[in-house]
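Residue numbers (the working numbering): 13 to 485.
The beta carbon of each residue, even a glycine, is placed where N, CA and C say it ideally should be.
Comments concern the structure below.
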Amino acid sequence: MPIVTGAALRLFFVLKFPAGAGDTVIYDQLATNWLKHAKYAMDVGGQPVSVDIRMPGYPAFLAIVYAITGQTGEAARRAVLLAQAFVDLSTCLLVGALAALLALLWNQEASTRRAFLAGLWLAAICPFTANYTAVPLTEVWAIFLTALSLLFLVPVIASASGVSSLGPWLLNGRMFWLATALAGFTVGLGTLFRPEAPLLLITAFLILAVVLFRRGESKRLLHTVALMCFAAALPLIPWTIRNAVTLHEFQPLTPKDAMLPGELDPKGFMAWERTWLYRVRDCYLVSWKLNDEEIHLSDIPPAAFDTPEERDRASAVLDTYNDALTLTPEEDAVFAQLARERTTRHPLRTYLFLPLRRAVRIWFTPRIELVPVSGNVFPLMYMRQEDPVDQRVTIFLFSLNILYVALALCGAFRLRRSSSACTALSLFFLYILLRTAFLTTLETPEPRYVLVCFPALIALAAQLFLPRTPAGS
C-alpha cells in the first residue's frame, strides 16, 4: 500500500506538474553530445566544446535513457521523469530500512517491521522529495545515494563502537571491511552527481575518529578511513583521467565557479551578493538574470545598500550592464569593491548573521519552487480573497515541512538515552550541520540542496511510531 500511494503521488507530479530548470538545459546538452558525438561537451558557437562544469553522473543517466528510448531532450522527458519516479520509490524502501536499523539500535526487542513501515510511509507521502521526480535535476539520485550510503555507514560506525544489538546487521571480520568499502563506494557514486557528497564521508571520519580513539584502536581507524577513501575515489577515476587528458587539468570534481570557455567568472558580483542575499526569491530577481536579462535596482532589497552612495554606485554599474546584458571585468570590480567595503563595515553580518538567515530559509520554507504557487500569504485577508487556494497550499506545505522536521527532532529525542543509537544520531546531526553550514556559503541558497538530508530526518521521525516499551522487553 505505501508503495502504491507513493507511486500515485509521484505520477501526479510527473503528469500534472512536469518542470524544468536552468540546469536542465545544461544536463540535456551534455547528455546529447555525449551520446551523439562521444564527447562530454556544451554547445558553444554552434560547436561542441569539452567542459567540466557539471559532474557526469546525471548526464550519464540521461544519456542511458536517451539511448534506450531513441529520443533526446523534450521528447524523452516523460521517460526520464518516470525513471526518476522509480528511483525515488526505491529511496523510500531504503529509508524504511534505515528506520528499522535505528529501531534495532534503540532496542533489540523493537519492532523493526513497524519501524520499516513507518519510515516507508513517511517517505512515500513526502511531497518535498516526490515533486523532484518531475524535474530533470540531480536531486532524486542524490537523495537515493545518500540514503544508500547511510545504510552502510550506520552499521559500520555502530560496529566500530562495539554495539552488539545490531542482530543481522552486526558486522564482524570481513563483513565490516566489505561494508566499509561499500559505504565509501556509494559516496563516490553520489559525488558523480553532486560534488559536495564527500561531506558525508568527512562526517563519518569525524565520528569514527572519536569512537575508535576512545577504544584505543587508532590503527583500525587508519585502515577504515583509508579503505573508505580508496573506495570513494574509484568511481571518480574515469572522470579525473578524462579531465587530465581532455582539459589538461587535475580535477576530480568540478571547479567551484564552473564557467563555459570565454565566460567571465563574476567573483566580485557574487561576493557582493553574499553580503545581503539570503532568499531564493532574490536569486530569480537578480542572480539568475546575470548575463541574460536586465537587472533592475528596484528588484534589489534595500538591505543590499548601507548608504545612498553605495546605491548610486550600484545603480550606475547596472545601468551600463543593462545596455549590453554582459557583465564586464570593470563592472565586476565595482561590485567586488562594494563587497569588501560592506564586509569591512559589518563582518558579523557577512560571516554570521546572513549565513544563519540562509540556514533558516533553506530549512523552513514551503518548498513550492516546482509547483504553480506564488507563495504569497500576506496580507492574510487580501490573499484569502485574491487567491485562497494559493494561500492555503502555501500554508499547508510550510506547516508540513515544519512537521517533518519536528517529528525528526522528537524521534531523535526519544533515541537519545540509547548509547547504541547515539553514534547514528551523531552521524545524522553532524552531517546535517556540516551540510547546512556549507550551503550557506553558496551564492544561491536553494532549499532543494537540503533534501538529501531527508532520509535521515524521516528515519528519525519513524521512531515515534514505535511503542514506548517494545514487546517482550
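1. Could you give the distance in angstroms between the alpha-carbon of A371 and the alpha-carbon of E86?
2. Starting from P400, trace the alpha helix (DSSP H) in both directions and tell me its first and last residue.
3. Comparing C-alpha positions only, which one of Q263, A172 and T198 sits nearest to R226?
4. Hey, how far is the Cα of F441 from the Cα of T448?
5. Consult DSSP for M282 and reduce its assignment to one of helix, strand or coil.
6. Taking the beta carbon of I312 as the centre, do at least 16 other beta carbons fall within 10 Å, making it buried, or is it exposed?
7. Note down, one range per segment and in chain order, each alpha helix (DSSP H) of at least 4 residues found wholly within the stretch 64–137.
8. Determine the closest residue to P210 out of A154, K48 and V166, with distance taken between C-alpha atoms.
9. By the DSSP assignment, the alpha helix (DSSP H) with P250 in it spans what residues?
10. Pull the bridge partners of D55 from the DSSP assignment, please.
11. Between V168 and T192, which are expected to be in contact by the criterion C-beta below 8 Å, what is the C-beta distance as a whole number of angstroms?
12. List the endpoints of the continuous alpha helix (DSSP H) containing L201.
13. To which residues of the same chain is R357 closer than 7 Å at the C-beta, ignoring the five residues directly before and after it?
14. Determine the closest residue to R66 out of A50, G57, T81 and D35, with distance taken between C-alpha atoms.
15. To the nearest angstrom, how far is the alpha carbon of A473 from that of L132?
16. Thinking just about the alpha-carbon of each residue, which of G196, D304 and T17 is nearest to the one in V166?
17. Please classify C104 as buried or exposed, where buried requires at least 16 other C-beta atoms within 10 Å of its C-beta.
18. Buried or exposed: where does R22 fall if 16 or more other Cβ atoms within 10 Å of its Cβ makes it buried?
19. Looking only at C-alpha atoms, which of A243, W300 and V175 sits nearest to V199?
20. If you draw a straight line from the alpha carbon of R460 to that of P479, how long is it in whole angstroms?
Looking at the atomic coordinates:
1. Taking the sequence shown and counting its residues from 1, the one referred to as residue 371 is at position 359. Taking the sequence shown and counting its residues from 1, the one referred to as residue 86 is at position 74. Approximately 34 Å, taken between the alpha carbons.
2. Here the question's residue 400 lines up with position 388 in the sequence shown. It spans P400 to L427 - the alpha helix (DSSP H) in which P400 sits, taken as one unbroken run.
3. Along the sequence shown, one-based indexing puts residue 226 at 214. Of Q263, A172 and T198, the residue nearest in Cα terms is A172.
4. Start at 1 with the first residue of the sequence shown, and residue 441 comes out as number 429. Start at 1 with the first residue of the sequence shown, and residue 448 comes out as number 436. Rounded to the nearest angstrom, the gap between the Cα atoms of F441 and T448 is 10 Å.
5. Position 270 of the sequence shown, counted from the start, is the residue given in the question as residue 282. DSSP places M282 within a helical segment (H, G or I) once states are collapsed to three.
6. Mapped onto the sequence shown, residue 312 falls at position 300. Buried is the call here.
7. List check, alpha helix (DSSP H) in window: 69–81, 89–118 and 124–136.
8. Taking the first residue of the sequence shown as position 1, residue 210 is located at position 198. P210 has its Cα closest to that of A154, out of A154, K48 and V166.
9. Here residue 250 refers to the residue found at position 238 of the sequence shown. Looking at the DSSP string, the run of the alpha helix (DSSP H) that includes P250 is I249 to T258.
10. Counted from its first residue, the sequence shown places residue 55 at position 43. D55 is bridged to P60.
11. One-based indexing of the sequence shown puts residue 168 at position 156. One-based indexing of the sequence shown puts residue 192 at position 180. About 5 Å separates the two Cβ atoms, so the contact holds.
12. Residue numbering aside, residue 201 sits at position 189 when the sequence shown is read from its first letter. DSSP places L201 inside the alpha helix (DSSP H), whose first and last residues are R186 to T203.
13. Reading the sequence shown from its first residue, position 345 is the one you call residue 357. Excluding sequence neighbours, R357 sits near D318.
14. Mapped onto the sequence shown, residue 66 falls at position 54. Nearest C-alpha to R66 among A50, G57, T81 and D35: D35.
15. Taking the first residue of the sequence shown as position 1, residue 473 is located at position 461. Taking the first residue of the sequence shown as position 1, residue 132 is located at position 120. Taking C-alpha positions only, A473 is separated from L132 by approximately 11 Å.
16. If you number the sequence shown from 1, residue 166 lands on position 154. Residue G196 is the option with its Cα nearest to V166.
17. Translated into the one-based positions of the sequence shown, residue 104 becomes position 92. With a 10 Å radius around the Cβ and a threshold of 16 neighbouring Cβ atoms, C104 comes out buried.
18. Your numbering for residue 22 matches position 10 in the sequence shown. The residue in question, R22, is buried, as its Cβ has 16 or more Cβ neighbours within 10 Å.
19. Numbered from 1 along the sequence shown, position 187 holds the residue referred to as residue 199. Closest by alpha carbon: A243.
20. By 1-based counting over the sequence shown, the position of residue 460 is 448. By 1-based counting over the sequence shown, the position of residue 479 is 467. Approximately 33 Å between the Cα atoms of the pair.
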